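Quick notes on the structure that follows.
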Amino acid sequence: FKGCLALGNIGYGPEGEAAAVKKGAIGAIVAALRAHTADATVAEEGCDALANLAAEVAGQRALLEAEGPAVLAGVCAAHPKLQTAREMLQAAQEYERDQPLAGTPRAAPAPAAADGQAA
1171 FKGCLALGNI GYGPEGEAAA VKKGAIGAIV AALRAHTADA TVAEEGCDAL
1221 ANLAAEVAGQ RALLEAEGPA VLAGVCAAHP KLQTAREMLQ AAQEYERDQP
1271 LAGTPRAAPA PAAADGQAA
C-alpha cells in the first residue's frame, strides 16, 4: 500500500501528476489493485492515488488503457463501503464514455422521432 500512497503523493499537483503518469504510475497502481483486491488498505490508497493521477486527460487515458474500470469494479465488489472506490469507478466510467480508446465504439445517439424530437 505504501507504493500507492507514495505515487498518490507524487501525483498531487500538475507537475508531479504529469511525470508520474508518463512513467507508468497508473498502470502500476491498477496492477496493485488487481493483485491485492481483497486488501482494504491497498484499495483505499490505490483509489486515492488514482484520483490524484487521473485528474487530467493523460491520466484518464492511462487509466482506461490499464483496464482501470474493470479493476475498479472488482475493488467496489470487494469493498462496497469504500467511497473512494465508488467515486473512482464512476469517474472511470465517465472517462470511458467521454474518451473511448481506439477501437472502442461510442454509443449511438438516440434516433430522432418523426417530429424531429429525440425518441
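Under my numbering, the final residue of the sequence shown carries the number 1289; numbering is consecutive throughout.
Idealized CB from N, CA, C, for every residue including glycine.
From a predicted model like this one, the values you see are computed outputs, not experimental measurements.
I need the DSSP call for residue i, collapsed to helix, strand or coil.
i	result
Q1269	coil
A1176	helix
P1250	coil
T1211	helix
K1193	coil
G1181	coil
Assign residue i to one of two classes, buried (16 or more other C-beta atoms within 10 Å of its C-beta) or exposed (fewer than that).
i	result
A1288	Because the pLDDT at A1288 is just 46, under 50, the model does not fix this residue reliably, and the point stays unresolved.
T1211	exposed
Between residue i and residue j, which are expected to be in contact by the criterion C-beta below 8 Å, what is the C-beta distance as a whole number of angstroms?
i	j	result
G1229	V1200	Wrong, their Cβ atoms sit about 12 Å apart, outside the cutoff.
C1246	R1256	6 Å
(request) Would you mind listing the alpha helix (DSSP H) stretches within the region 1219-1247 that are 4+ residues and don't spill past its ends, in chain order? (result) 1227-1235
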